[in-house]
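Quick notes on the structure that follows.
Numbering (our numbering), first residue to last: 3 to 268.
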């Protein structure tokens, strides 16, 4: 019995492949469209794509074109070819603005770009592009059934930019470029006021200000010590029981001691 079942499967697969190969060479676009639809319904997206590519020029403007280009877009998406999926879905939205599939296509087009967004440590050009596409979808279809998914994708993508900005700022501190670190942390805190990294950012900003101050020439030290003192107060104001309190207090003690020296000089 098992041998019979296996044989039937082989036969079905052979017939399917044979049908597909014939469709590739067939000049009858209707027959080719039928096989392409079968491939799509069977989840054989790579084969469906090859047939859709052949069919696309012939079907533009025809009644079945909407269905074809929807399946074409979905085939790219379901086979994880997200650049092409994004492009095809955008073309679908532009070509069929009254389609009942237009909101789904608009969402999946934007969402395809989010699939291309890399980990935060890499270049975030694709992340920025995905955010622009998703925001455009949210603006255009505020009541869409896909809004929750779009907002969640925006949250994830924004998190990557946030993490990237924080790590960049911290990187300046790590390499002892404290002036750049101060600027970067100020920008980070301004750009992401509700960030979960705010306590860390405030501490490393203080750490940068402190290290810049104590390594300064005498003529610049007093002003920089005062900048460090403000940074310390901002950290404590944000969280008086900060996980960095012991280290921050020790640093602040030196800041206060050094500032007293300048008071005595005056």
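Yeah, the Cβ is synthetic: ideal placement off N, Cα and C, and Gly gets one too. A quick note: this is a predicted structure, and the numbers were derived from the prediction, not measured.
Within the model, the alpha-carbon separation for residue 36 versus residue 90 is close to 21 Å. Note on geometry: alpha-carbon atoms of residue 53 and residue 163 lie some 39 Å from one another. Per DSSP, the unbroken alpha helix (DSSP H) holding residue 59 starts and ends at 47–61. Fully enclosed alpha helix (DSSP H) runs of no fewer than 4 residues occupy 200–216, 220–240 of the stretch 189–250, in order along the chain.
With respect to residue 116, residue 136 sits close: the two C-beta atoms are nearer than 8 Å.
Non-local C-beta neighbours of residue 165 in its own chain, meaning closer than 7 Å and more than five positions away in sequence, comprise 122, ordered along the chain. Under the three-state reduction of DSSP, residue 145 is assigned to coil, being neither helix nor strand. A straight-line Cα-Cα distance of about 12 Å links residue 202 and residue 250. With respect to the 8 Å criterion, residue 230 and residue 206 are not classified as neighbours on the basis of their beta carbons. Within the model, the alpha-carbon separation for residue 111 versus residue 133 is close to 12 Å. Taking the Cα positions, residue 257 is about 6 Å away from residue 227. For residue 118, there is no enclosing alpha helix (DSSP H), as DSSP marks it with neither H nor E. Closest by C-alpha distance to residue 128, out of 88, 180, 47, 26, is 88.
Annotated three-state conformation of residue 70 is helix, per DSSP.
One Cα belongs to residue 97, the other to residue 244, and the distance between them is close to 56 Å.
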